[in-house]
Amino acid sequence: TNTDQYLGLLSAYLALQHRFHPKLNSSVGIHFQYLTLNNSVAIEPRLSLKWDLSPISLLSFGIGLHSQMIPMMLYFTQAEVSEGQYLITNQGLDFMRSLHTVMGYDYLLTEHLRFKSEAYYQYLYDIPVKKSIPEYSVLNEGIDYYMLRYDSLLSRGTGRNYGIDLTLERFLHRNYYYLFTASFYRSYYQGFDEVKRTTAFDNRYVLNAVGGYELPFGRFKNQFLITGIRATWTGGRPYLPYDQEETVNKGEVVYDWENAYKDRFDDYIRCSVRVGYRRNVKHANIQLLFDLVYRSNYTNIYLYRIDVTNGEIEQGYTMGFYPMATWRIQF
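Taking this note's numbering, the leading residue of the sequence shown gets 16, the next gets one more, and so forth.
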């Protein structure tokens with residue numbers, strides 16, 4: 016990417032809200048984007064509706080087109096066409112585009128308890144893929160700390176994401192609150208070979224639970240003892256494995272693209288306990304918090320790499336238990 020260039024992304028939008036009925040609201044609009052690097056243009060119409068079924072429930076729906084740039088570094092990736100001669104091959108790539116649809120239902124069970132559900136579907140297209148590595152897609156970029164920078168990409172790939180989000184939330188009342196969320200989803204892509212595969216982000220499910228209690232004390236009841244708990248359980252993410260034999264033979268990292276994203280890491284599990292103190296003063300509050308965080312052993316892989324000399328694969332794990340302290344002033 017040895018290049019010195021400039022690019023700009025210009026955007027504008029127009030939105031109109033209209034009330035068809037006291038219980039039916041709509042929002043319609045159009046979004047515009049222009050990339051100066053290659054004169055790519057995106058015109059994206061969007062529509063949303065909200066229907067108040069009753070004073071305690073509502074139904075919502077939305078649909079629209081969305082576009083975004085590819086990871087910026089890829090625009091400037093160069094291909095070696097001959098010894099010492101390089102050519103920038105990705106600058107003509109168009110925006111990645113997608114059609115989003117979503118439907119939600121919100122119900123107030125009690126004055127302090129709410130249930131919310133949301134189902135969605137996304138169809139992605141004009142996704143950069145690579146002919147010589149037909150299993151590759153830009154949709155899998157960003158999952159790790161590095162980027163696989165490839166040249167000669169073509170905007171021929173597609174992808175699909177769909178799922179449902181569920182939320183049960185109790186607002187802070189009588190000094191306690193809780194929140195439960197569950198997301199169940201799938202994420203797929205098709206590379207140059209048009210074979211359907213799971214993406215690197217296809218964890219399948221994410222479960223969260225948060226709760227806490229605040230005990231007021233002091234003469235003016237403006238001081239609080241804070242206790243809380245938080246837990247997360249996430250499905251294991253797919254990964255791109257190494258080709259151990261070819262890596263050793265060539266003395267450099269070689270990936271096993273034929274088995275791309277078929278295997279998964281183990282599930283990720285984390286829980287933490289919080290104890291803290293908060294004091295409300297005029298126009299601000301002061302908090303001192305202590306978090307005791309535990310990650311179940313061998314679930315959070317932060318390092319996955321191969322030794323090119325012998326083909327041995329190393330997996331690094333973050334520490335299972337660690338304490339953390341926070342001092343916060345909110346104005």
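Just so you know, even glycine gets a beta-carbon here, dropped at the ideal spot from N, CA and C.
Bear in mind that the values here come from a model prediction, so they are computed numbers and not experimental data.
Can you tell which of K38, V296, E327, L74 has its C-alpha closest to the C-alpha of Y257? As a first step, residue 257 is located in the sequence shown; it is residue number 242 there, counting from the start. Of the listed residues, the one whose Cα sits closest to Y257 is E327.
Ends of the alpha helix (DSSP H) at Y165? Position 150 of the sequence shown, counted from the first residue, corresponds to residue 165. That residue, Y165, is in no alpha helix (DSSP H); it is neither H nor E in DSSP.
Which of helix, strand or coil does DSSP assign to M118? As a first step, residue 118 must be located in the sequence shown, where it is residue number 103. In the structure shown, M118 sits in a strand (DSSP, three-state: E or B).
Limits of the beta strand (DSSP E) - the one that Q48 falls within: The residue you call residue 48 lines up with position 33 of the sequence shown. Note, Q48: beta strand (DSSP E), 39 to 50.
If you run the structure through DSSP and keep just helix, strand and coil, what is N218? Along the sequence shown, read from residue 1 onward, the residue named residue 218 stands at position 203. Note: N218 maps to coil in three-state DSSP.
Leaving aside the five residues before and after F110 along the sequence, list all residues of the same chain whose C-beta is less than 6 Å from its C-beta, in chain order. Counting from 1 along the sequence shown, the entry for residue 110 is found at position 95. Answer for F110: S55, A57, S82, listed in chain order.
Any idea what DSSP makes of T247, helix, strand or coil? Against the sequence shown, residue 247 aligns to sequence position 232. Note: T247 maps to strand in three-state DSSP.
If you draw a straight line from the C-alpha of V353 to the C-alpha of L22, how long is it? Lying outside 16 to 346, the shown extent of the chain, residue 353 is not represented and no answer is given.
Could you give the first and the last residue of the continuous alpha helix (DSSP H) run that contains L89? Here residue 89 corresponds to residue number 74 of the sequence shown, with the count starting at 1. Its alpha helix (DSSP H) spans residues 87 to 90.
Please state the DSSP three-state secondary structure of F260. The residue you call residue 260 lines up with position 245 of the sequence shown. Inspection of the sequence shows that residue 260 is occupied by Glu rather than by Phe. E260: helix per DSSP, three-state reduction.
Would you kindly work out how many angstroms separate the C-alpha atoms of E133 and T341, rounded to a whole number? Translated into positions along the sequence shown, residue 133 becomes position 118. Translated into positions along the sequence shown, residue 341 becomes position 326. Using only the alpha carbons, I get a separation of about 34 Å.
Buried or exposed for R343, going by 16 or more other Cβ atoms inside 10 Å? Numbered from 1 along the sequence shown, position 328 holds the residue referred to as residue 343. Exposed: under 16 other Cβ atoms inside 10 Å.
So T213 is in the beta strand (DSSP E); what residue range does that whole segment cover? Mapped onto the sequence shown, residue 213 falls at position 198. First-last of the beta strand (DSSP E) with T213: 211 to 213.
Does the distance from the CB of D64 to the CB of G77 come in under 9 Å? Walking along the sequence shown from the start, residue 64 turns up at place 49. Walking along the sequence shown from the start, residue 77 turns up at place 62. A small correction: the amino acid at residue 64 is Leu; Asp does not occupy that position in the sequence shown. A contact, by the Cβ cut-off of 9 Å.
Through-space distance from G243 to S26, alpha-carbon basis: Within the sequence shown, numbered from 1, the residue matching residue 26 stands at position 11. Within the sequence shown, numbered from 1, the residue matching residue 243 stands at position 228. Going by the C-alpha atoms only, they are around 42 Å apart.
Nearest to K236 (by Cα), restricted to the options N190, G266, Y254, V225: Stepping through the sequence shown from its first residue, residue 236 is reached at position 221. The candidate whose alpha carbon is nearest that of K236 is N190.
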